[in-house]
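Everything on this sheet refers to the single structure shown next.
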Amino acid sequence: MSISNIYRHPVSIPNCVLIFKFPCVSRRLLLLLPGLTGVLSLISYLLFDRLTLFNGIFRYGCAFSFIVYLSCFGLSLGTIPFYIVGELFPQNFRSTGQAIVFFFFYLSGFIFNILTLPLYASIGVWCFLPLFIIPQMICLTILWIFLPETRGREVHEIVGDLKKYWETSTTKVQLINCDT
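Each residue of the sequence shown is one higher than the last, beginning at 0 in numbering that gives the first Met the number 0.
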């Protein structure tokens with residue numbers, strides 16, 4: 000069995016389950032909770048990898064952490080952006096928005112695939128910190144603060160929530176003042 004087949008199953012099985020349960024589940028929670036679980040599984044992978052130096056039994060913890068991470072990715076982080084972009088963009092810009100999301104999704108995957116092996120060869124398992132763990136924690140924090148619930152709502156309602164946040168925020172930053 001090749002590596003690609005081993006990788007495909009933990010991602011595909013939760014993805015198939017999600018297709019049938021997607022209309023019933025909160026998009027916001029479906030993005031944030033598996034995202035947090037994915038970060039925790041990467042951190043546990045890092046810890047189990049270091050513990051494997053003392054006892055070989057901890058390699059099973061690495062395998063379990065990897066499977067949990069792939070399942071979380073297949074459940075939400077790999078699929079939800081494509082659903083949310085359809086709910087955030089108006090109909091006349093939806094195809095452009097989806098094209099941009101696909102472009103950045105595959106571009107980031109390409110960049111991370113190129114960077115991971117050389118960085119892993121030089122600093123070992125610690126490469127997961129700057130490549131995956133820290134950026135994912137930053138992105139999840141931004142999404143937790145700014146992303147409203149999109150399930151069953153129209154685009155104008157979601158945009159209204161986003162505008163309402165900025166109108167009530169005391170940390171609003173004005174970058175360019177056009178009045179002066």
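Idealized CB from N, CA, C, for every residue including glycine. Predicted, not measured: the structure shown is a model, and the values here were computed from it.
*Would you report the Cα separation of Lys163 and Thr149, rounded to the nearest angstrom?*
Translated into the one-based positions of the sequence shown, residue 163 becomes position 164. Translated into the one-based positions of the sequence shown, residue 149 becomes position 150. Spanning the alpha carbons of Lys163 and Thr149 requires a straight line of approximately 15 angstroms.
*Note down the Cα distance separating Lys171 from Asn54, rounded to an integer number of angstroms.*
One-based indexing of the sequence shown puts residue 171 at position 172. One-based indexing of the sequence shown puts residue 54 at position 55. Below a pLDDT of 50, predicted positions are generally treated as unreliable, and Lys171, at 48, falls in that range; the measurement from the model is reported next regardless. Roughly 52 angstroms separates the two Cα atoms.
*Do Cys71 and Ser107 have their C-beta atoms within less than 8 angstroms of each other?*
For this step, residue 71 is matched to residue 72 along the sequence shown. For this step, residue 107 is matched to residue 108 along the sequence shown. No, they are not a contact pair.
*How would you call Thr78, buried or exposed, if buried means at least 16 neighbouring beta carbons within 10 angstroms?*
Stepping through the sequence shown from its first residue, residue 78 is reached at position 79. So Thr78 counts as buried.
*Below 7 angstroms CB to CB, which residues in the same chain sit around Leu31 once its five sequence neighbours on both sides are set aside?*
The count along the sequence shown starts at 1 and reaches residue 31 at position 32. Correct list, in chain order: Leu139, Leu142, Trp143.
*Okay, do the segment 43–61 and the segment 87–96 touch, 3+ Cβ pairs below 8 angstroms being the bar?*
no
*Hey, out of Leu69, Tyr44, Tyr68, whose CA is closest to Gly60's CA?*
By one-based count along the sequence shown, residue 60 stands at place 61. From the listed residues Leu69, Tyr44, Tyr68, the smallest Cα separation to Gly60 is found for Tyr44.
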